[in-house]
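Student:
Number of protein chains: 2
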Amino acid sequence: MDDDPATEILEATYRALCQHGYADLTIKDIADEADRSKATVHYYYDSKQNLFTEFLDFLYERHTEQLATIEGDTPRERLGALFELVLTDEQANPGQEFRTAMLEVKAQAPYDDAIQTRLTWFDEFLFERIRDITAAGVESGAFDEDVDPAVAADFLVTTITGAHTRRVAVDYSAERLYETITRYAEDHLVADEPTEATH
Amino acid sequence: MDDDPATEILEATYRALCQHGYADLTIKDIADEADRSKATVHYYYDSKQNLFTEFLDFLYERHTEQLATIEGDTPRERLGALFELVLTDEQANPGQEFRTAMLEVKAQAPYDDAIQTRLTWFDEFLFERIRDITAAGVESGAFDEDVDPAVAADFLVTTITGAHTRRVAVDYSAERLYETITRYAEDHLVADEPTEATH
DNA sequence: GGCTTTTGTCTAACTGGTTAGTAAGTTACC
DNA sequence: GGTAACTTACTAACCAGTTAGACAAAAGCC
Chain A
0 MDDDPATEIL EATYRALCQH GYADLTIKDI ADEADRSKAT VHYYYDSKQN LFTEFLDFLY
60 ERHTEQLATI EGDTPRERLG ALFELVLTDE QANPGQEFRT AMLEVKAQAP YDDAIQTRLT
120 WFDEFLFERI RDITAAGVES GAFDEDVDPA VAADFLVTTI TGAHTRRVAV DYSAERLYET
180 ITRYAEDHLV ADEPTEATH
Chain B
0 MDDDPATEIL EATYRALCQH GYADLTIKDI ADEADRSKAT VHYYYDSKQN LFTEFLDFLY
60 ERHTEQLATI EGDTPRERLG ALFELVLTDE QANPGQEFRT AMLEVKAQAP YDDAIQTRLT
120 WFDEFLFERI RDITAAGVES GAFDEDVDPA VAADFLVTTI TGAHTRRVAV DYSAERLYET
180 ITRYAEDHLV ADEPTEATH
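Protein chains in written order, with numbering that gives the first Met the number 0: chain A, 0 to 198; chain B, 0 to 198.
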């Protein structure tokens with residue numbers, strides 16, 4: 000927590016973002032959260048856009064670190080742990096407020112190349128992670144042999160994205176979405192023979 | 000096109016929304032698009048929030064009319080037509096600008112009950128439409144008998160929502176998402192026996 | 001028909017509030 | 001004394017909503 004002021008401002012940005020949402024996020028909100036003046040924020044970051052771009056880099060680092068911690072002896076376990084992390088984890092993602100703000104940011108992507116570039120990183124990172132786990136599962140025989148890891152990963156990223164959106168837009172239960180996706184994976188990825196025991 | 004001024008303003012709102020996005024949408028933008036003054040907009044709609052709520056009602060009506068036109072002799076054809084309408088139809092949905100604006104609106108749902116209520120209508124309408132088609136397919140034997148229509152519809156709505164979000168946030172190809180979802184439906188909904196012919 | 005009054009539609013100009021960013025100066029440490 | 005870190009006070013721009021009134025058509029009245 001004994002960061003340099005620049006990092007402290009990024010952490011304050013996170014808290015301010017959760018409290019006010021992206022649309023209503025002002026430099027003053029961030030400054031207040033960082034216990035500094037508005038001008039100090041501008042001292043470290045030239046513009047609001049500049050600050051936010053660096054904030055997304057900061058988030059990306061945190062997010063990839065989190066996804067890297069995923070463990071499990073089998074691909075199936077690792078995939079389950081990943082779903083849990085991105086769909087239900089409440090301690091890692093302080094919840095609805097942050098997800099809402101991230102959806103606001105996603106909607107701003109077409110207006111801001113720097114944002115779109117970074118959101119694409121997030122998307123691709125998740126895709127690659129799922130594709131690799133799926134490929135390992137296919138190779139080990141745990142997953143159905145005619146599953147194409149890239150196609151399955153693409154589909155799952157889309158569904159996870161949809162779960163995030165629905166959770167915000169129509170206040171849909173995160174748990175229920177988690178269960179539906181897990182069920183899909185169990186039913187359609189896991190190979191037939193070894194799974195019969197599960198039923 | 001010879002509507003009353005109130006409706007003309009709603010149509011102007013649609014055009015202004017596509018041009019400026021939701022975040023940057025001002026009463027002036029709408030007024031300019033309607034070739035009227037700012038005060039005239041306020042003459043017909045008390046507040047911006049009021050105008051936008053009525054605009055969403057206007058959109059809902061248009062959207063449900065569109066979804067009602069879906070035809071097809073078999074449930075499979077109807078589901079295919081629905082995917083095409085909600086995922087690729089470019090003449091019905093003037094494209095990226097509008098989808099982007101709608102994602103911005105979705106992100107505002109948690110801050111505005113009137114918006115959330117209406118987005119839930121959209122979500123539920125699509126869900127029910129897919130569930131009914133799926134149920135008809137299961138009943139006729141065209142779809143796998145152990146498909147639960149409600150579960151499948153829920154999953155598909157989530158995936159469609161994800162496709163919309165990814166298209167905006169990471170500029171993902173709509174066509175590719177359409178193909179992935181169609182493939183899922185063909186592989187996992189359609190009953191085994193009658194489908195062998197397709198492969 | 002001619003006259004006034006009312007009503008519906010609309011506008012220019014203004015108000016009050018907000019915001020990103022800046023300029024100039026202060027404090028604190030080396 | 002110089003520099004890094006920081007603040008107060010400001011500017012310029014923007015926006016939702018209001019006000020006061022223009023203009024025309026319709027309605028009521030003689």
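C-beta atoms are modelled at their ideal positions from N, C-alpha and C, and glycine is treated no differently.
Helix, strand or coil: which one does DSSP assign to V40(B)?
Tutor: It is helical.
Student: Excluding the five sequence neighbours on either side, which residues of its own chain have a C-beta within less than 8 Å of the C-beta of I69(B), listed in chain order?
Tutor: Cβ within range, chain order: R77, A80, L81, L84, R128.
Student: Just by C-beta distance, which residues in the stretch 146-179 of chain A are closer than 9 Å to chain B?
Tutor: Under the 9 Å Cβ criterion, the stretch 146-179 of chain A contributes V150, D153, F154, V156, T157, T158, I159, T160, G161, A162, H163, T164, R165, V167, A168, V169, D170, Y171, R175, L176, T179.
Student: DSSP three-state call for V189(B): helix, strand or coil?
Tutor: If DSSP states are grouped into helix, strand and coil, V189(B) belongs with the strands.
Student: Taking only beta-carbon positions, decide if H62(B) is within less than 8 Å of chain A.
Tutor: Judged by the 8 Å Cβ criterion, H62(B) is not in contact with chain A.
Student: Strictly under 8 Å for the Cβ-Cβ distance: is E127(B) near chain A by that measure?
Tutor: Not closer than 8 Å to any Cβ of chain A, the Cβ of E127(B) fails to qualify, so no.
Student: Between G136(B) and chain A, is any beta-carbon pair separated by less than 8 Å?
Tutor: Output row for G136(B): interface = no.
Student: Are there any heavy atoms of the ligand MG lying less than 7 Å away from the beta-carbon of Q115(B), as far as the coordinates show?
Tutor: Questions concerning the ligand MG fall outside what the structure shown contains, since it holds no ligand whatsoever.
Student: State yes or no: is the beta carbon of Q48(A) nearer than 8 Å to at least one beta carbon in chain B?
Tutor: Answer no: the Cβ-Cβ gap between Q48(A) and chain B never drops below 8 Å.
Student: Would G161(A) pass as a contact of T158(B) if the rule is Cβ separation under 8 Å?
Tutor: Yes.
Student: Could you give the first and the last residue of the continuous alpha helix (DSSP H) run that contains E139(A)?
Tutor: The question names Glu, yet the displayed sequence has Ser at residue 139(A). It spans 112-139 - the alpha helix (DSSP H) in which S139(A) sits, taken as one unbroken run.
Student: Name the residue from T12(A), H163(A), A33(A) whose alpha carbon lies nearest to the alpha carbon of A173(A).
Tutor: Nearest of T12(A), H163(A), A33(A) to A173(A), Cα basis: H163(A).
Student: Among residues of its own chain, excluding the 5 on either side of Q18(B), which ones have a beta-carbon nearer than 8 Å to its beta-carbon?
Tutor: Excluding residues within five positions, the ones whose Cβ falls inside 8 Å are D28, E32, E96.
Student: On the CB-based measure, 16 or more other CB atoms within 10 Å of its CB, does T116(A) come out buried or exposed?
Tutor: Exposed, since its Cβ has fewer than 16 Cβ neighbours within 10 Å.
Student: Counting only C-beta atoms, is H187(A) closer than 8 Å to chain B at any point?
Tutor: So, interface residue.
Student: Would P109(A) pass as an interface residue toward chain B - the criterion being a Cβ-Cβ separation below 8 Å?
Tutor: Yes, its Cβ sits closer than 8 Å to a Cβ of chain B.
Student: Report all residues from its chain with a CB closer than 8 Å to the CB of V104(B); omit the five preceding and five following residues, and keep chain order.
Tutor: Once the five neighbours on either side are set aside, the close Cβ partners of V104(B) are Y21, L55, I114, L118.
Student: F124(A): which of W120(B), F57(B), V169(B), G71(B) sits nearest, CA to CA?
Tutor: F124(A) has its Cα closest to that of V169(B), out of W120(B), F57(B), V169(B), G71(B).
Student: For chain B, find out if any of its Cβ atoms is closer than 8 Å to the Cβ of E83(A); answer yes or no.
Tutor: No, because no Cβ of chain B sits closer than 8 Å to the Cβ of E83(A).
Student: Can you find a CB in chain A that lies within less than 8 Å of the CB of Q115(B)?
Tutor: Q115(B) counts as touching chain A.
Student: In the DSSP assignment, find the unbroken alpha helix (DSSP H) run with Y59(A) in it and report its ends.
Tutor: First-last of the alpha helix (DSSP H) with Y59(A): 47-67.
Student: List the whole-angstrom C-beta distance separating L188(A) from D143(A), where the pair is believed to meet the contact cut-off of C-beta under 8 Å.
Tutor: Contact holds; Cβ gap of about 6 Å.
Student: I'd like the list of long-range same chain contacts for D131(A), defined as Cβ closer than 8 Å, with 5 residues on each side in sequence excluded.
Tutor: Contacts found: P148.
Student: By Cβ distance, which residues of its chain are closer than 7 Å to T63(A), with the 5 residues on each side in sequence left out?
Tutor: Within the same chain, T63(A) has close Cβ partners F124.
Student: Considering Cα atoms alone, identify which of D23(A), A30(A), D3(A) is closest to H11(A).
Tutor: Reading off the sequence shown, one finds Ala at residue 11(A), where the question assumed His. Comparing Cα-Cα distances from A11(A) to each of D23(A), A30(A), D3(A), the minimum goes to A30(A).
Student: Chain A beta carbons: is any one of them nearer than 8 Å to that of A190(B)?
Tutor: For A190(B), the answer is no, since every Cβ of chain A falls outside 8 Å of its Cβ.
Student: Can you list, in chain order, the residues of its chain whose CB lies under 8 Å from that of F126(B), leaving out five sequence neighbours each side?
Tutor: Closer than 8 Å at the Cβ level, and outside the excluded window around F126(B), lie A152, D153, V156.
Student: How close, in whole Å, do the beta carbons of L50(B) and V40(B) come, if the pair is a contact with beta carbons under 8 Å?
Tutor: That pair is a contact at about 7 Å.
Student: Do you know how far the Cα of S139(B) is from the Cα of D186(B)?
Tutor: Distance between the alpha carbons of D186(B) and S139(B) is about 17 Å.
Student: Grab me the residues of A141(A)'s own chain with a C-beta within less than 8 Å of its C-beta, minus the 5 sequence neighbours each way, in chain order.
Tutor: Contacts found: T73, P74, R75, V189, A190, P193.
Student: Take the Cβ of R61(B) as the centre, count every other Cβ of all protein chains shown within 10 Å, and call the residue buried at 16 or more, exposed below.
Tutor: Result: exposed.
Student: Mind listing the chain A neighbours of Q95(B)? Cutoff is C-beta to C-beta under 9 Å, in chain order.
Tutor: In chain order: P109.
Student: Can you tell me which of P4(B), V167(B), A15(B), S36(B) puts its alpha carbon nearest to the alpha carbon of D111(A)?
Tutor: Ranking P4(B), V167(B), A15(B), S36(B) by Cα distance to D111(A) puts V167(B) first.
Student: Looking at chain A, is there any beta carbon in it that lies within less than 8 Å of the beta carbon of A5(B)?
Tutor: Not an interface residue.
Student: Less than 8 Å separating the beta-carbons of L86(A) and L9(A)?
Tutor: Against a cut-off of 8 Å, the Cβ pair of L9(A) and L86(A) comes out as no contact.
Student: What does G20(B) reach in chain A if we use C-beta pairs closer than 7 Å?
Tutor: Per Cβ cutoff of 7 Å: Y110.
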